[in-house]
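In the order they appear, the protein sequences are chains A and B.
The opening position of the first sequence corresponds to residue 12 in my numbering, with each subsequent residue numbered one higher.
The opening position of the second sequence corresponds to residue 19 in my numbering, with each subsequent residue numbered one higher.
Even glycine gets a Cβ: it sits at the ideal position worked out from N, Cα and C.
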Amino acid sequence: MKTIITFPPLPQFRSEDFEEFKSILITAALAAADQVGSEAMKSFFNDYKDSVDFAKQAA
Amino acid sequence: MTLTPFEFRPFCDLRLQETKDAWTADAHAGLAFPSETERLLDWVTAHREPSANDSVAFGVFLVGTNVALGISEIVIQRKTVRSKWVKMLRLHLRSNIDAELQDGNQENAMNVFLAAIEGSLDLQLTHMATTLKIYGRTSQQLNYLKSLVSKLNNVPKLKFAAKIDGRFLSLVYKAEPLEHP
Chain A
12 MKTIITFPPL
22 PQFRSEDFEE
32 FKSILITAAL
42 AAADQVGSEA
52 MKSFFNDYKD
62 SVDFAKQAA
Chain B
19 MTLTPFEFRP
29 FCDLRLQETK
39 DAWTADAHAG
49 LAFPSETERL
59 LDWVTAHREP
69 SANDSVAFGV
79 FLVGTNVALG
89 ISEIVIQRKT
99 VRSKWVKMLR
109 LHLRSNIDAE
119 LQDGNQENAM
129 NVFLAAIEGS
139 LDLQLTHMAT
149 TLKIYGRTSQ
159 QLNYLKSLVS
169 KLNNVPKLKF
179 AAKIDGRFLS
189 LVYKAEPLEH
199 P
C-alpha cells in the first residue's frame with residue numbers, strides 16, 4: 012500500500028496586497044512620527060544608526 | 019506606491035564606488051567620523067550578496083543616482099521550511115541628511131526611512147517571506163514602533179498583522195492559501 016503525504020497549500024502572495032499595505036504603512040508611519048514629536052524622532056534616528064550586534068539579532 | 023523618488027537597491031560596483039567616494043569625502047570634511055565611515059563601508063563591501071542568516075547591505079538612492087542616502091542592514095532568514103522572515107536591522111543616514119535632522123528638519127530622514135521600509139516590503143514579497151521585522155533597539159525606537167502599531171491596528175481589514183514582538187515591530191502577511199488544483 013502506498014502512503015500519500017499531502018502538505019497544506021502554500022500561501023498566495025499578492026502584489027496588490029503589498030502595494031496597498033505600503034500606502035497604509037507610510038501614512039501610519041508619518042502619523043506616528045507626528046504623535047511622538049520631532050525630538051523623539053531625532054533620537055530615533057540617532058539610535059537607529061548606532062551599532063548593533065547583528066550576529067546576535069540574526070540568530 | 020512610492021511617495022518619494024527613492025529606490026532601495028543592492029550595491030553594484032558603481033553604486034559602491036560612488037557611495038564610498040561621497041561618504042569618505044563627507045568624513046574627511048568633518049561631517050562624520052572617518053573610522054566609523056570606513057568600518058561601515060568595509061562592511062558594505064563584504065555584504066553585497068545575501069547569504070543564509072547573515073546580513074546584506076541595501077542602499078536608499080534617489081532615482082537615477084549612485085550615492086546612497088541611507089545604508090540599511092537586512093537579514094533574509096528562513097525560519098521553517100514554509101516560513102521566511104525579512105529583518106530590517108538598522109539604517110545609516112548620510113551625514114548631510116543627519117545634519118538636517120539635527121537642525122530640526124526630519125523630512126528627508128523620514129523619506130529615507132520610509133523608502134527602506136518600502137524596499138523591505140518589496141523584498142518580503144520577492145522572497146515570499148511571511149514576516150517583516152523592524153528592529154527597535156532603544157526605548158525611543160520601541161515607543162515609535164508601538165505608536166506605529168497602534169495606528170496600523172486602527173485600520174480595518176488590514177492584510178498584515180502588526181504587533182511588537184520582543185524588540186521588533188513584526189508585520190505578518192495574512193496570505194490566502196492557494197487552492198488545490
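Where the alpha helix (DSSP H) containing B/GLU56 begins and where it ends: Residue mapping note: residue 56 of chain B aligns to position 38 of the second sequence, counting from 1. 52–64 is the span of the alpha helix (DSSP H), which, as asked, contains B/GLU56.
Give me the Cα-Cα distance between B/GLU54 and A/ALA51, rounded to the nearest whole angstrom. Translated into the one-based positions of the second sequence, residue 54 of chain B becomes position 36. Translated into the one-based positions of the first sequence, residue 51 of chain A becomes position 40. Rounded to whole angstroms, B/GLU54 to A/ALA51 spans 24 Å at the Cα level.
Can you tell me whether DSSP reads A/SER49 as helix, strand or coil? Counting from one through the first sequence, the residue named residue 49 of chain A turns up at place 38. In the structure shown, A/SER49 sits in a helix (DSSP, three-state: H, G or I).
Can you find the residues in the same chain that come closer than 7 Å, C-beta to C-beta, to B/ALA40, ignoring five residues on each side of it along the sequence? Counting from one through the second sequence, the residue named residue 40 of chain B turns up at place 22. Result list for B/ALA40: VAL85, in chain order.
Answer yes or no: do B/HIS65 and B/ALA75 have a C-beta to C-beta separation smaller than 8 Å? Translated into positions along the second sequence, residue 65 of chain B becomes position 47. Translated into positions along the second sequence, residue 75 of chain B becomes position 57. Yes; because the gap between Cβ atoms is below 8 Å, this pair is in contact.
Under the assumption that B/ILE152 contacts B/LEU187 (Cβ atoms under 8 Å), give the Cβ distance between them as a whole number of angstroms. What you label residue 152 of chain B is simply residue 134 of the second sequence in a count that begins at 1. What you label residue 187 of chain B is simply residue 169 of the second sequence in a count that begins at 1. Contact holds; Cβ gap of about 4 Å.
Taking its Cβ as the centre, do 16 or more other Cβ atoms sit within 10 Å of B/GLN35, making it buried, or is it exposed? Here the question's residue 35 of chain B lines up with position 17 in the second sequence. So B/GLN35 counts as exposed.
Assign B/HIS46 to one of two classes, buried (16 or more other C-beta atoms within 10 Å of its C-beta) or exposed (fewer than that). Counting from one through the second sequence, the residue named residue 46 of chain B turns up at place 28. Exposed: under 16 other Cβ atoms inside 10 Å.
When DSSP labels each residue in this structure, what does B/GLY122 get in the three-state scheme? On the second sequence, residue 122 of chain B is found 104 positions in, with the first residue counted as 1. In the structure shown, B/GLY122 sits in coil (DSSP, three-state: anything other than H, G, I, E or B).
Nearest to B/LEU166 by alpha carbon, out of A/SER49, A/SER54, A/LYS53 and A/ALA44? In the second sequence, residue 166 of chain B corresponds to position 148, counting from 1. The residue with the shortest Cα to Cα distance from B/LEU166 is A/ALA44.
Please return the same chain residues whose Cβ sits closer than 8 Å to the Cβ of B/LEU58, not counting the five positions on each side in sequence. Numbered from 1 along the second sequence, position 40 holds the residue referred to as residue 58 of chain B. Once the five neighbours on either side are set aside, the close Cβ partners of B/LEU58 are TRP41, ILE89 and HIS110.
Hey, does B/GLU136 have any beta-carbon neighbour from chain A nearer than 8 Å? Position 118 of the second sequence, counted from the start, is the residue given in the question as residue 136 of chain B. Interface residue, yes.
Give the C-beta separation of B/ASN123 and B/PHE24 to the nearest angstrom, bearing in mind that I take them to be a contact with Cβ-Cβ under 8 Å. Here residue 123 of chain B refers to the residue found at position 105 of the second sequence. Here residue 24 of chain B refers to the residue found at position 6 of the second sequence. 17 Å between Cβ atoms; not a contact.
Quick one: what does DSSP say B/ILE115 is sitting in, helix, strand or coil? Counting from one through the second sequence, the residue named residue 115 of chain B turns up at place 97. Residue state, collapsed to three classes: helix.
Which chain B residues are close to A/ILE16, counting only those with a beta carbon under 8 Å from its beta carbon? Residue numbering aside, residue 16 of chain A sits at position 5 when the first sequence is read from its first letter. The premise fails here: A/ILE16 is roughly 13 Å from chain B at the closest Cβ pair, so nothing lies under 8 Å.
Where does B/VAL93 fall in DSSP's three states? Sequence index remark: in the second sequence, residue 93 of chain B carries index 75 (1-based). Looking at B/VAL93 - three-state DSSP - the assignment turns out to be strand.
In the DSSP assignment, what are the bridge partners of B/HIS110? For the purposes of this step, residue 110 of chain B is taken as the residue at position 92 of the second sequence. In the DSSP output, where bridge partners are listed per residue, B/HIS110 has B/ILE89.
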